[in-house]
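Protein chains in written order, with the working numbering: chain A, 320 to 539; chain B, 3 to 396. Beta carbons: idealized from backbone N, C-alpha and C, even for Gly.
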């Protein structure tokens, strides 16, 4: 499937969030010390990985093809050789990372340049435990209460199922069945409205959001 | 002794490069946030801190400063999962199924009436301390914070299996939880445990942790407890105990969570026939205080940490202040047991200003001793080398 087709498909697609805590860009709340170090390394790596190629920026590639299932810390903390990164990218592609043909070598080059054995220490940030605990807690439905699951099913099939799978258990997009984010309706709605990964922002009303949420809550 | 103020002043004034070079991983696990409100009775500083290796799914380490207590508070107890939790569902049930006479499906309420058991045990990720493995291997790059000790309350899995009536030809239970993979192309997280271990009286289906109902992050409503065994067996959001003749197929049983059957050259691939499934974790001790890279005043010094083994109770912990040439016994506190940690403590006088380096090593009652160097393995499991901490006495 071409990147262009995927991108146009993704305009019809719903949420890609695994968890509500993903919705805010995770890079905004890493420790300043870490941010500075990684940004410097990333820039150098991005340039070398980009040399002689055109098209998509490797960082965009990571955002589109990796960060629907896990946050970028999972990449930033690794210190792997090119051979190890090649194996990791191969495994992730087998597991469903939606890389376009040829993008695997580009991704491996970027990851090896930035997160190789000599990349320097990864310094994980300290983070308030109380914030981590509430990130999984249900939120009031607010304007997304009282949705109609029958209408939601139709909406899902029309706008979401192509990428999230007819049973909502994931395909190009991620599984949406039995997820905490279904009980954090404002986070769910924000992800739909903002887009994520390969999913572009989707313009739907609050009532439609409510119905899709109501439908997804019926699935097991 | 290093006061928190001393450490804060140090961390605030030291340059990043200095910290990075001197205290690379001490910061990671022992770092105390310097900006917290801390008033109004709210928890502050390290009392409310995780070391974050992943936001979603959450991969959160307990700060090393907690590794001097017999019990790790639930709020800072490390969190790790492959796919993140399913939605909170207090009515989620576990099915005892497969090679049994009468399959059972049980919720928390259905467990009432069975004998209740409380066990204090170490929960440790198989990959704890992975960032110390050289050459490096992929996985969550934990420092030493992917472990904690808690009390777990529930019923014996044995009681449930006996109620269901296990077929005499059965050999394993295949256990899994409600956490679906992000895509159907990602393998489901299913582990197998030999029937003998499943029938061990310490293997529990827990409903509570540290006296409170399990939180979602820790597996609510039902979690498997396998004291002495690595965390990959402690299935959260437990939904299935499938009694079968053989181990489960699939990535998480046949590829991941394997360890070489004999020492292998570091950095080299190991053929599958020379790998075996993880079971118990090896003997280990970790110094919780002083923090690596910290400072203390000349005079009385105290080293405090924890020690445990998956195979036996701890017999002794020793401390060396001369890079392993001589060792002195530390005092052990609390009750010992298989897969249970004890606090150790060692006091000495440092009369002159110096950089002090301490090593700790534990030995269990089966004479398994913590090695100077950990065994390299392709997935970076079971790191348990002597823990080294150094600090400036001035």
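Please determine, among the options, the residue with the shortest C-alpha to C-alpha distance to residue i.
i: residue 432(A); options: 390(A), 465(A), 378(A) and 410(A); result: 378(A)
i: residue 112(B); options: 122(B), 98(B), 152(B) and 189(B); result: 98(B)
i: residue 398(A); options: 437(A), 454(A) and 497(A); result: 437(A)
i: residue 182(B); options: 136(B), 238(B), 304(B) and 164(B); result: 238(B)
i: residue 93(B); options: 224(B), 331(B) and 312(B); result: 224(B)
i: residue 466(A); options: 393(A), 536(A) and 395(A); result: 536(A)
i: residue 213(B); options: 338(B), 323(B) and 76(B); result: 76(B)
i: residue 262(B); options: 254(B), 255(B) and 271(B); result: 271(B)
i: residue 338(B); options: 49(B), 104(B) and 365(B); result: 365(B)
i: residue 89(B); options: 442(A), 496(A), 477(A) and 434(A); result: 496(A)
i: residue 241(B); options: 202(B), 50(B), 95(B) and 171(B); result: 95(B)
i: residue 62(B); options: 119(B), 107(B), 145(B) and 70(B); result: 145(B)
i: residue 268(B); options: 168(B), 376(B), 226(B) and 312(B); result: 376(B)
i: residue 442(A); options: 396(A), 471(A), 519(A) and 387(A); result: 396(A)
i: residue 132(B); options: 391(B), 387(B) and 392(B); result: 387(B)
i: residue 231(B); options: 138(B), 210(B), 123(B) and 137(B); result: 123(B)
i: residue 533(A); options: 519(A), 374(A) and 507(A); result: 507(A)
i: residue 455(A); options: 251(B), 317(B), 393(B) and 218(B); result: 218(B)
So with Cβ pairs under 8 Å, would you call residue i a contact of chain A?
i: residue 56(B); result: yes
i: residue 242(B); result: no
i: residue 197(B); result: no
i: residue 180(B); result: yes
i: residue 82(B); result: no
i: residue 122(B); result: no
i: residue 248(B); result: no
i: residue 402(B); result: Coverage of chain B is limited to positions 3 through 396, which leaves residue 402(B) absent and any answer about it impossible.
i: residue 60(B); result: yes
i: residue 143(B); result: yes
i: residue 90(B); result: yes
i: residue 184(B); result: yes
i: residue 53(B); result: yes
i: residue 268(B); result: no
Would you check whether the ligand SAM has a heavy atom nearer than 7 Å to the C-beta of residue i?
i: residue 157(B); result: With respect to the ligand SAM, the structure shown offers nothing to examine, as it has no ligands at all.
Please report how far the alpha carbon of residue i lies from the alpha carbon of residue j, in whole angstroms.
i: residue 409(A); j: residue 423(A); result: 8 Å
i: residue 485(A); j: residue 336(B); result: 55 Å
i: residue 459(A); j: residue 292(B); result: 44 Å
i: residue 427(A); j: residue 297(B); result: 42 Å
i: residue 527(A); j: residue 417(A); result: 28 Å
i: residue 378(B); j: residue 141(B); result: 14 Å
i: residue 344(B); j: residue 243(B); result: 32 Å
i: residue 362(B); j: residue 321(B); result: 5 Å
i: residue 395(B); j: residue 351(B); result: 11 Å
i: residue 249(B); j: residue 308(B); result: 34 Å
i: residue 85(B); j: residue 400(A); result: 25 Å
i: residue 353(B); j: residue 194(B); result: 54 Å
i: residue 313(B); j: residue 282(B); result: 7 Å
i: residue 284(B); j: residue 311(B); result: 5 Å
i: residue 184(B); j: residue 392(B); result: 43 Å
i: residue 305(B); j: residue 357(B); result: 15 Å
i: residue 383(B); j: residue 372(B); result: 15 Å
i: residue 190(B); j: residue 252(B); result: 8 Å
Could you give the first and the last residue of the continuous alpha helix (DSSP H) run that contains residue i?
i: residue 526(A); result: 525-536
i: residue 422(A); result: 422-433
i: residue 452(A); result: 448-453
Using a C-beta cutoff of 8 Å, does residue i count as contacting chain B?
i: residue 497(A); result: yes
i: residue 531(A); result: no
i: residue 431(A); result: no
i: residue 455(A); result: yes
i: residue 427(A); result: no
i: residue 424(A); result: no
i: residue 507(A); result: no
i: residue 407(A); result: yes
i: residue 444(A); result: yes
i: residue 388(A); result: yes
Can you find a C-beta in chain E that's less than 8 Å from the C-beta of residue i?
i: residue 488(A); result: No chain E appears in the structure shown, which is made up of the protein chains A and B.
List the endpoints of the continuous beta strand (DSSP E) containing residue i.
i: residue 246(B); result: 240-246
i: residue 483(A); result: Per DSSP, residue 483(A) belongs to no beta strand (DSSP E); it is in the alpha helix (DSSP H), 480-483.
i: residue 509(A); result: Here residue 509(A) belongs to no beta strand (DSSP E); instead the alpha helix (DSSP H) covers 504-513.
i: residue 253(B); result: That residue, residue 253(B), is in no beta strand (DSSP E); its alpha helix (DSSP H) goes 253-256.
i: residue 393(B); result: 389-395
i: residue 358(B); result: 356-366
message = Give the list of continuous beta strand (DSSP E) stretches no shorter than 3 residues that lie fully inside the segment 156-201 of chain B.
response = You should have 174-179 and 192-196.
query = Quick one: complete alpha helix (DSSP H) runs, 4+ long, within the segment 371-403 of chain A?
reply = Entirely contained in the segment 371-403 of chain A, the alpha helix (DSSP H) runs reaching 4 residues are, in chain order, 377-384 and 392-395.
request  = May I have a chain-ordered list of the beta strand (DSSP E) segments no shorter than 3 residues that lie completely inside the segment 65-118 of chain B?
outcome  = The qualifying runs are 96-100 and 106-108.
request  = Please list the segments of the beta strand (DSSP E) lying wholly inside the segment 287-326 of chain B, counting only runs of 3 or more residues, in order along the chain.
outcome  = Assignment of beta strand (DSSP E) within the segment 287-326 of chain B, counting only whole runs of 3 or more residues, yields 301-310 and 316-322 in chain order.
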